[in-house]
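In our numbering, the protein residues as written are 24 to 409.
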């Protein structure tokens, strides 16, 4: 699907020059990432606090939101149309314009973005939530695979990822030390993120060292050869929400909106044997469309990589190889330090947008993935005023 907005970078947008066709992220909030939340599976308890925080941050009420869109999965909660219960977090009066995607909240954000582009509303709130601890996550994720040939075998998601990592290692694309450095950097960066599930490294003495090294991690045992525990995103419960606004409304809600200048999502074959698992063609194509082939000026990239080797695949696909010194990759700690299903992708875009809104970056990239082994990828490029 082609993005309804071109990837051309804007000039200096002001309340006088902005048009209704311009859409920006004006607010973002996420719940703490935790191993297990003592709440229902409909997300209401996680969503109410972050909705209230967004209202407070922007000085609005729920009545100011013109469109709502959620991302979650009935498979996670174990019952059909479970997302309807999450609407309790919004409220029943007045009636709302609401939609839902059985995907990560990043795709709900895409639908909200398209809604704003139609001109039917000037504000929208997209949210995603997932209680991964409610069941056996590895078994549940097997349902993403081919329903006729692969899913009946109930493939373990870690085993599939280990197979992908082994293919990359055997191809000489990188070594285990490079994978460990991804995990070490993520854990160090997570120390500055209060919403992260954990940070640092717990030694044999039980103490946690914030300055974790790749060497420490490589000394740990294998969990799904060649993956060690640090190579794998944790099971996480959590939620996230983003508010979008168009035209002058964005400036009314935010001093420095993060303008969406490119937005695209592409899907690869569901057949694991029908694609090269050492690459991510859909990520490369989505990135090419979203950036217009121009990654200049991007200083922050939040990548939704649930495994260390997948970050390396994505960096290559998105043209970020060798850019660790010039582009901050997952400065929030990324999914390796907190990976709530159906919210982690939205968190990546939200954290990228926050760096633009706060003035820490002029141009940032947010990425989300869905399906087994980077099957589907979404890329969002965000620009501040220049």
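Think of the CB as a built atom: it goes at the ideal place given N, C-alpha and C, for glycine as much as any other residue.
Treat the numbers as computed from the prediction; the structure is a model and nothing was measured.
Quick one: what's residue 245 bridged to in DSSP?
251
Just the C-alpha distance for residue 334 and residue 112, rounded to the nearest angstrom, thanks.
Going by the C-alpha atoms only, they are around 34 Å apart.
Relative to the alpha-carbon of residue 325, which residue among 390, 220, 308 has its alpha-carbon at the smallest distance?
390
Straight-line CA distance for residue 205 to residue 118?
Rounded to the nearest angstrom, the two C-alpha atoms are 46 Å apart.
Pick helix, strand or coil for residue 379, following the three-state DSSP scheme.
helix
State whether the segment 123-133 contacts the segment 150-160, with contact taken as three or more CB pairs (one from each stretch) at a distance under 8 Å.
Touching, yes.
Are the Cβ atoms of residue 190 and residue 301 separated by less than 9 Å?
yes
Between which two residues does the alpha helix (DSSP H) holding residue 97 run?
Counting along the chain, the alpha helix (DSSP H) containing residue 97 begins and ends at 97-100.
So, helix, strand or coil for residue 233, using DSSP?
Per DSSP, reduced to three states, the secondary structure at residue 233 is coil, with no helix or strand assignment.
Would you call residue 133 buried or exposed, if buried means 16 or more other Cβ atoms sit within 10 Å of its Cβ?
buried
Cβ of residue 167 within 9 Å of Cβ of residue 394?
yes
What residue does the beta strand (DSSP E) around residue 319 start on, and which one ends it?
No beta strand (DSSP E) holds residue 319; DSSP gives it neither H nor E.
Starting from residue 70, trace the beta strand (DSSP E) in both directions and tell me its first and last residue.
No beta strand (DSSP E) holds residue 70; the alpha helix (DSSP H) holding it covers 67-81.
Ignoring anything shorter than 3 residues, give me the beta strand (DSSP E) runs that lie fully in the segment 258-306, in order along the chain.
260-269, 281-290
Suppose the cutoff is 7 Å on Cβ atoms and the five residues either side in sequence are ignored; what does the same chain contact list for residue 232 look like?
223, 224, 226
In this structure, how does DSSP classify residue 58 when only helix, strand and coil are distinguished?
coil
Let me confirm a value: residue 26 is counted as buried when at least 16 other C-beta atoms fall within 10 Å, else exposed. Which label applies?
Reliability of the predicted coordinates at residue 26 is poor, the pLDDT of 46 falling under 50, and the value obtained from them is presented with this limitation in mind. Label assigned to residue 26: buried.
CB residue 120 to CB residue 91, shorter than 9 Å?
yes
If you compare alpha carbons, which of 281, 285, 398, 219 is closest to residue 263?
Closest option to residue 263, judged by alpha-carbon separation, among 281, 285, 398, 219: 219.
Closer than 8 Å is the cut-off here; do at least three beta carbon pairs connect the segment 251-263 with the segment 275-293?
no
Return the CA-CA distance between residue 207 and residue 359, expressed in angstroms with no decimal places.
When rounded, the distance between both Cα atoms is 10 Å.
Would you give the residue range spanned by the beta strand (DSSP E) that residue 386 belongs to?
Segment 386-393, the beta strand (DSSP E) holding residue 386.
Which residues bound the alpha helix (DSSP H) around residue 412?
Residue coverage of the chain in this structure runs from 24 to 409, which leaves residue 412 outside it and unanswerable.
What did DSSP end up calling residue 333 once you bin it into helix, strand or coil?
helix
What does the alpha-carbon distance come out to for the pair residue 396 and residue 312?
When rounded, the distance between both Cα atoms is 21 Å.
Less than 8 Å between C-beta atoms, sequence neighbours within five positions excluded: which residues of the same chain meet that for residue 103?
97
Suppose you measure from the CA of residue 139 to the CA of residue 145; what does that come to, to the nearest Å?
Rounded to whole angstroms, the separation of the alpha carbons of residue 145 and residue 139 is 6 Å.
Does the distance from the C-beta atom of residue 54 to that of residue 73 stay below 9 Å?
yes
Can you round the beta-carbon distance between residue 258 and residue 180 to whole angstroms, since I take them to be within the 8 Å contact cut?
Contact doesn't hold; Cβ gap of about 11 Å is too wide.
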